[in-house]
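Number of protein chains: 2
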Amino acid sequence: MNEPSLSALLPPYRILLLGYGHVAQAFLPLLASRSEWLSSKLGARLVISGIGTRSTGYYIHPRGIDAATLALETHPFQRFAESSTRMESAEAFIQEGSARNANALIELTTLDPRSGQPALTYIRLALQRSLHVITANKGPVAHAQFELQELAHRHHVQFRFESTVMDGLPVINLSEYTLQAVGIQSFRALLNTTTGIVLRMIEQGYTLEEAISQAQRIGVAEADPWYDLDGWDAAMKTTILANTLMDGQLTPDLVEREGIRNLSLDGICAAALAGTPIRLVSTAHREHGLLIAEVRPQPLDTGDILHMGLGTGGLLSLETEAMGTITLIEHDTLPTQTAYGVLSDLIAVIRQSKHYL
Amino acid sequence: MNEPSLSALLPPYRILLLGYGHVAQAFLPLLASRSEWLSSKLGARLVISGIGTRSTGYYIHPRGIDAATLALETHPFQRFAESSTRMESAEAFIQEGSARNANALIELTTLDPRSGQPALTYIRLALQRSLHVITANKGPVAHAQFELQELAHRHHVQFRFESTVMDGLPVINLSEYTLQAVGIQSFRALLNTTTGIVLRMIEQGYTLEEAISQAQRIGVAEADPWYDLDGWDAAMKTTILANTLMDGQLTPDLVEREGIRNLSLDGICAAALAGTPIRLVSTAHREHGLLIAEVRPQPLDTGDILHMGLGTGGLLSLETEAMGTITLIEHDTLPTQTAYGVLSDLIAVIRQSKHYL
Numbered sequence: 011m012n013e014p015s016l017s018a019l020l021p022p023y024r025i026l027l028l029g030y031g032h033v034a035q036a037f038l039p040l041l042a043s044r045s046e047w048l049s050s051k052l053g054a055r056l057v058i059s060g061i062g063t064r065s066t067g068y069y070i071h072p073r074g075i076d077a078a079t080l081a082l083e084t085h086p087f088q089r090f091a092e093s094s095t096r097m098e099s100a101e102a103f104i105q106e107g108s109a110r111n112a113n114a115l116i117e118l119t120t121l122d123p124r125s126g127q128p129a130l131t132y133i134r135l136a137l138q139r140s141l142h143v144i145t146a147n148k149g150p151v152a153h154a155q156f157e158l159q160e161l162a163h164r165h166h167v168q169f170r171f172e173s174t175v176m177d178g179l180p181v182i183n184l185s186e187y188t189l190q191a192v193g194i195q196s197f198r199a200l201l202n203t204t205t206g207i208v209l210r211m212i213e214q215g216y217t218l219e220e221a222i223s224q225a226q227r228i229g230v231a232e233a234d235p236w237y238d239l240d241g242w243d244a245a246m247k248t249t250i251l252a253n254t255l256m257d258g259q260l261t262p263d264l265v266e267r268e269g270i271r272n273l274s275l276d277g278i279c280a281a282a283l284a285g286t287p288i289r290l291v292s293t294a295h296r297e298h299g300l301l302i303a304e305v306r307p308q309p310l311d312t313g314d315i316l317h318m319g320l321g322t323g324g325l326l327s328l329e330t331e332a333m334g335t336i337t338l339i340e341h342d343t344l345p346t347q348t349a350y351g352v353l354s355d356l357i358a359v360i361r362q363s364k365h366y367l
Numbered sequence: 011m012n013e014p015s016l017s018a019l020l021p022p023y024r025i026l027l028l029g030y031g032h033v034a035q036a037f038l039p040l041l042a043s044r045s046e047w048l049s050s051k052l053g054a055r056l057v058i059s060g061i062g063t064r065s066t067g068y069y070i071h072p073r074g075i076d077a078a079t080l081a082l083e084t085h086p087f088q089r090f091a092e093s094s095t096r097m098e099s100a101e102a103f104i105q106e107g108s109a110r111n112a113n114a115l116i117e118l119t120t121l122d123p124r125s126g127q128p129a130l131t132y133i134r135l136a137l138q139r140s141l142h143v144i145t146a147n148k149g150p151v152a153h154a155q156f157e158l159q160e161l162a163h164r165h166h167v168q169f170r171f172e173s174t175v176m177d178g179l180p181v182i183n184l185s186e187y188t189l190q191a192v193g194i195q196s197f198r199a200l201l202n203t204t205t206g207i208v209l210r211m212i213e214q215g216y217t218l219e220e221a222i223s224q225a226q227r228i229g230v231a232e233a234d235p236w237y238d239l240d241g242w243d244a245a246m247k248t249t250i251l252a253n254t255l256m257d258g259q260l261t262p263d264l265v266e267r268e269g270i271r272n273l274s275l276d277g278i279c280a281a282a283l284a285g286t287p288i289r290l291v292s293t294a295h296r297e298h299g300l301l302i303a304e305v306r307p308q309p310l311d312t313g314d315i316l317h318m319g320l321g322t323g324g325l326l327s328l329e330t331e332a333m334g335t336i337t338l339i340e341h342d343t344l345p346t347q348t349a350y351g352v353l354s355d356l357i358a359v360i361r362q363s364k365h366y367l
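Chains as they are written, first to last, in our numbering: chain A, 11 to 367; chain B, 11 to 367.
Written out as structure tokens, the structure reads:
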């Protein structure tokens, strides 16, 4: 490990952080806790050049603040803002950051998941300015993955989105680095936590409304829960997985989608009592060369691999040609998980752009 | 995809194949089936420059034979040998291959797993000659991982061993590419297939001897089954995993090891009847900074994550700081799995040595 004094001599790697919600607030201390290790591995000193949010303003710091130092502050955002220049918009923030040699934009804004906006605009702009982009937003990826990857390629930068599907469970990197040639033929997955929690509460005797407000209280369900319950969240994730793992060209509206809105409470309870609880299942397979992706409620019997995913944060089971069936399970739902996906992408970006072995 | 005529124009990537048992025989057609895709992705044409085994001789082909062409032969080894120069030893094979610009040695010999010899000698020699080395042999890795990685580093080549632990389930590459900063605190795993099969047969009423000969008949157990049943195979794999995932410096003799030899048949059956079947469990964790790794039989109750691994090819469950618990399951035991691990390493070697994005 390098001494702190040595890592201060390393060249800076400058990061713009757009959005400062839960994920960003978990990301900063995670980055700080790994910063010494990262510096020694990557040969770079991680510096936050800018932080911006719609509600509290967009700030570019004249020199940037060391990630480890910033995370030690009680109110990192305020501390950062006090010594920075305020920009008038997210666009100006990206342009000014780029002019000051930022290397990467980490895009963690809240957004309209259906359209992917305004994140999509920000990501396009950053890529055009030759910034690497890491996003935790499903929308832009599900709607425009290939356009954005192509744009990144043209500008010799990377576009990464590990945390959009199963938080930091490295399904995207896995496919890129280690499952390239395995021949993925199909997958089945449990990708949406909210429907799992709501269905489990209904099984325990709650009404749909009670279950939804409980899920909102514990911070799992959104203010508009139907984005999850009608299967949109799962459809976005299924789109990204199918396109990434199976060379698809899908958009979310091409995913056959059925949510849990029309299930009867009696039916849900009866299935659970019979030992085959109903969960929202994502699937993709090929039929006559055509990629078919679906999201729909299915009863899971005890012999079903997906049964192992009941009560977990998510499960992905792949049918592969060379390796047979492989299953990955994310057991917990921790606030650091999405942040870890972002960190994992950042490491991949720095490694590849440095040809780091 | 490139046309075959185009890929013929690509520069050759020359491979020496040492050992021609089950794994090598599954590897050649797998490589061939992916060769067009690999050529287009990697910008190289995969060529077999040499094949050697102790029993049938070591051969270097004057120009090398295209991997895809060779795999089409009914008897690839004979076809290769007929048009090649025979070397007097494995050492001469490696030296001559290296002199003829081979890029990588794929080391798949059978060996004494306890000492790691003679594979260890071959691997050292190849690394000293600046060949990348990929091995499916646990012995050399468990005994000398750091020496060999250091040697590889000095000669600017890579030493890879994905298939030594869970065949092609990408646990080693996973840790290198995507779980670097996750903070792995401990793991528990089912890593040995033979003990799983033998214990299951005992649960079904067979004697230990009957179970062993059945496992030998289906090709799972070795002629000397005690390497598996006394926990040596699991101890080697546990060593490699602990060293790779948890920055350990273990050798197999530092792993606390207890096999299934001393279990009573009645005890095995009673545990299974109680719903808590006994399996050989690998674990590693830190105590006061010290890495403790163990292999021993344990009853698995239904709430235990390892219970999901009963009847599968293997299971690895990681406790991590940033991602909580993550589990990977290899459900099947297919002949292509180890070969896929080798192919996955070969892709990683070529990508990294070409700084391929």
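Virtual Cβ for every residue (Gly too), placed ideally from N, Cα, C.
> What did DSSP end up calling B:His-365 once you bin it into helix, strand or coil?
Replying inline: For this step, residue 365 of chain B is matched to residue 355 along the second sequence. Here the model assigns B:His-365 a pLDDT of 49, short of 50, so the residue's position is not dependable, and the following value carries that caveat. Here B:His-365 sits in coil by DSSP.
>> 8 Å is my cut-off, CB to CB: does A:Pro-180 come that close to chain B?
In response: Reading the first sequence from its first residue, position 170 is the one you call residue 180 of chain A. Answer yes: the Cβ-Cβ gap between A:Pro-180 and chain B drops below 8 Å somewhere.
> What whole-angstrom Cβ distance do B:Ser-49 and B:Leu-20 have, given they're in contact under 8 Å?
Replying inline: As a first step, residue 49 of chain B must be located in the second sequence, where it is residue number 39. As a first step, residue 20 of chain B must be located in the second sequence, where it is residue number 10. The C-beta separation of B:Ser-49 from B:Leu-20 comes to about 6 Å, placing the pair in contact by the 8 Å criterion.
> Mind checking if A:Met-11 is an interface residue toward chain B, Cβ cutoff 8 Å exclusive?
Replying inline: Here residue 11 of chain A corresponds to residue number 1 of the first sequence, with the count starting at 1. Unreliable positioning characterises A:Met-11 in this predicted model, as indicated by a pLDDT of 42, which lies under 50. The coordinate reading is nonetheless provided below. Not an interface residue.
> For chain B, is any of its Cβ atoms less than 8 Å away from the one on A:Gly-334?
Replying inline: For the purposes of this step, residue 334 of chain A is taken as the residue at position 324 of the first sequence. Chain B contact via Cβ: present.
> Who are A:Glu-329's beta bridge partners in DSSP?
Replying inline: In the first sequence, counting from the first residue as 1, residue 329 of chain A sits at position 319. According to DSSP, A:Glu-329 bridges with A:Ser-196 and A:Thr-335.
> Looking at chain A, which residues of the segment 336–349 of chain B have a Cβ within less than 7 Å of any of its Cβ atoms?
Replying inline: If the cut-off is 7 Å between Cβ atoms, the segment 336–349 of chain B has Ile-336, Thr-337, Leu-338, Ile-339, Glu-340, His-341, Asp-342, Leu-344, Thr-346 and Gln-347 near chain A.
> Got a sec: does the ligand GDP put a non-hydrogen atom nearer than 7 Å to the Cβ of B:Phe-171?
Replying inline: The ligand GDP is not part of the structure shown, which contains no ligands of any sort.
> When the distance is taken between beta carbons, is B:Ile-182 closer than 8 Å to B:Ile-144?
Replying inline: Taking the first residue of the second sequence as position 1, residue 144 of chain B is located at position 134. Taking the first residue of the second sequence as position 1, residue 182 of chain B is located at position 172. No. Outside cutoff.
>> So, for B:Gln-308: in the same chain, excluding its five sequence neighbours on each side, which residues have a beta-carbon less than 6 Å away from its beta-carbon?
In response: On the second sequence, position 298 is the one that residue 308 of chain B refers to. Only Val-291 meet the Cβ criterion.
> What three-state label does DSSP hand B:Asp-76 in the structure shown?
Replying inline: Position 66 of the second sequence, counted from the first residue, corresponds to residue 76 of chain B. B:Asp-76 falls in the strand class under three-state DSSP.
>> When you compare the CB positions of B:Leu-26 and B:Ile-75, do they come within less than 8 Å of one another, or not?
In response: As a working mapping, residue 26 of chain B is identified with position 16 in the second sequence. As a working mapping, residue 75 of chain B is identified with position 65 in the second sequence. Result no, Cβ atoms of B:Leu-26 and B:Ile-75 do not sit closer than 8 Å.
>> Using beta carbons (cut-off 8 Å, strictly below), is A:Ser-45 in contact with chain B?
In response: Here residue 45 of chain A corresponds to residue number 35 of the first sequence, with the count starting at 1. No, because no Cβ of chain B sits closer than 8 Å to the Cβ of A:Ser-45.
>> Counting only beta-carbon separations shorter than 8 Å, does B:Gln-155 have a partner in chain A?
In response: Your numbering for residue 155 of chain B matches position 145 in the second sequence. Judged by the 8 Å Cβ criterion, B:Gln-155 is not in contact with chain A.
> Is the distance from the Cβ of B:Leu-135 to the Cβ of B:Glu-101 below 8 Å?
Replying inline: Position 125 of the second sequence, counted from the first residue, corresponds to residue 135 of chain B. Position 91 of the second sequence, counted from the first residue, corresponds to residue 101 of chain B. Cβ distance < 8 Å, so B:Leu-135 and B:Glu-101 count as in contact.
> Is DSSP giving A:Val-151 helix, strand or coil here?
Replying inline: On the first sequence, position 141 is the one that residue 151 of chain A refers to. In the structure shown, A:Val-151 sits in a helix (DSSP, three-state: H, G or I).
> At which residues does the beta strand (DSSP E) containing B:Gly-62 begin and terminate?
Replying inline: Numbered from 1 along the second sequence, position 52 holds the residue referred to as residue 62 of chain B. Looking at the DSSP string, the run of the beta strand (DSSP E) that includes B:Gly-62 is 55–63.
> Should B:Ile-270 and B:Thr-205 be called a contact, given that it needs their Cβ atoms to be closer than 8 Å?
Replying inline: Position 260 of the second sequence, counting from 1, holds the residue named residue 270 of chain B. Position 195 of the second sequence, counting from 1, holds the residue named residue 205 of chain B. In this structure, B:Ile-270 sits near B:Thr-205, with a CB-CB distance shorter than 8 Å.
>> Is the separation between the beta-carbon of A:Gly-126 and that of A:Pro-150 shorter than 8 Å?
In response: As a working mapping, residue 126 of chain A is identified with position 116 in the first sequence. As a working mapping, residue 150 of chain A is identified with position 140 in the first sequence. Their beta carbons are under 8 Å apart, which means A:Gly-126 touches A:Pro-150 by this criterion.
> What are the uninterrupted segments assigned as beta strand (DSSP E) that are 3 or more residues long and contained completely in the segment 113–137 of chain A, given in chain order?
Replying inline: Listed in chain order, they are 114–117.
> chain A beta carbons: is any one of them nearer than 8 Å to that of B:Ile-357?
Replying inline: By 1-based counting over the second sequence, the position of residue 357 of chain B is 347. Output row for B:Ile-357: interface = yes.
> Using CA coordinates, which residue listed in B:Arg-296, B:Glu-219, B:Leu-326 and B:Ser-274 is at the minimum distance from B:Asp-257?
Replying inline: The residue labelled residue 257 of chain B in the question sits at position 247 within the second sequence. For the residues B:Arg-296, B:Glu-219, B:Leu-326 and B:Ser-274, the minimum Cα distance to B:Asp-257 belongs to B:Arg-296.
>> Just list the residues that DSSP pairs B:Arg-44 with in beta bridges.
In response: One-based indexing of the second sequence puts residue 44 of chain B at position 34. Paired residues: none, contrary to the question.
>> Our contact map puts A:Leu-5 next to A:Val-167 with C-beta atoms below 8 Å; I'd like the distance itself, whole angstroms only.
In response: As shown, chain A starts at 11 and ends at 367. That puts residue 5 of chain A outside it, with no answer to give.
> Is the CB-CB distance between B:Ile-302 and B:Ile-212 below 8 Å?
Replying inline: Reading the second sequence from its first residue, position 292 is the one you call residue 302 of chain B. Reading the second sequence from its first residue, position 202 is the one you call residue 212 of chain B. No, these two residues do not count as a Cβ contact at 8 Å.
>> Rounded to the nearest angstrom, what separates B:Thr-312 and B:Gly-67 at their Cα positions?
In response: Locating residue 312 of chain B in the second sequence gives position 302, where the first residue counts as 1. Locating residue 67 of chain B in the second sequence gives position 57, where the first residue counts as 1. Approximately 51 Å between the Cα atoms of the pair.
>> Which residues does DSSP list as the beta-bridge partners of A:Gly-324?
In response: To locate residue 324 of chain A, count along the first sequence from 1; it is residue 314. Its beta-bridge partners are A:Glu-340.
>> Between which residues of its own chain and A:Ile-194 is the CB-CB distance below 6 Å, once the five residues before and five after are set aside?
In response: For this step, residue 194 of chain A is matched to residue 184 along the first sequence. Closer than 6 Å at the Cβ level, and outside the excluded window around A:Ile-194, lie Leu-255, Met-256, Leu-328 and Thr-330.
> Are A:Tyr-132 and A:Phe-87 touching if we call contact CB-CB under 8 Å?
Replying inline: By one-based count along the first sequence, residue 132 of chain A stands at place 122. By one-based count along the first sequence, residue 87 of chain A stands at place 77. No. Outside cutoff.
> Where does A:Trp-242 land, buried or exposed, given buried means 16+ other C-beta within 10 angstroms?
Replying inline: The residue given as residue 242 of chain A occupies position 232 in the first sequence. Answer is buried; the Cβ neighbour count reaches 16.
> Relative to the alpha-carbon of B:Gln-214, which residue among B:Thr-293, B:Arg-73, B:Ser-363 and B:Leu-283 has its alpha-carbon at the smallest distance?
Replying inline: Taking the first residue of the second sequence as 1, we reach residue 214 of chain B at position 204. The shortest C-alpha separation from B:Gln-214 is found at B:Leu-283.
>> Quick check on B:Ala-199 - is its C-beta less than 8 Å from some C-beta in chain A?
In response: Translated into positions along the second sequence, residue 199 of chain B becomes position 189. With a threshold of 8 Å between beta carbons, B:Ala-199 makes no contact with chain A.
> Between B:Asp-355 and B:Arg-44, what straight-line distance do the alpha-carbon atoms span, to the nearest angstrom?
Replying inline: Position 345 of the second sequence, counting from 1, holds the residue named residue 355 of chain B. Position 34 of the second sequence, counting from 1, holds the residue named residue 44 of chain B. Computed Cα separation, rounded: 14 Å.
> With a cut-off of 8 Å, does the C-beta of B:Asn-253 fall near any C-beta of chain A?
Replying inline: Against the second sequence, residue 253 of chain B aligns to sequence position 243. Not an interface residue.
> Do you know offhand how far B:Ser-65's Cα is from A:Arg-164's?
Replying inline: In the second sequence, counting from the first residue as 1, residue 65 of chain B sits at position 55. In the first sequence, counting from the first residue as 1, residue 164 of chain A sits at position 154. Computed Cα separation, rounded: 53 Å.
> Where B:Arg-306 and A:Leu-338 are concerned, what is the direct C-alpha to C-alpha distance, given to the nearest angstrom?
Replying inline: Locating residue 306 of chain B in the second sequence gives position 296, where the first residue counts as 1. Locating residue 338 of chain A in the first sequence gives position 328, where the first residue counts as 1. Their backbone Cα atoms lie some 25 Å apart in a straight line.
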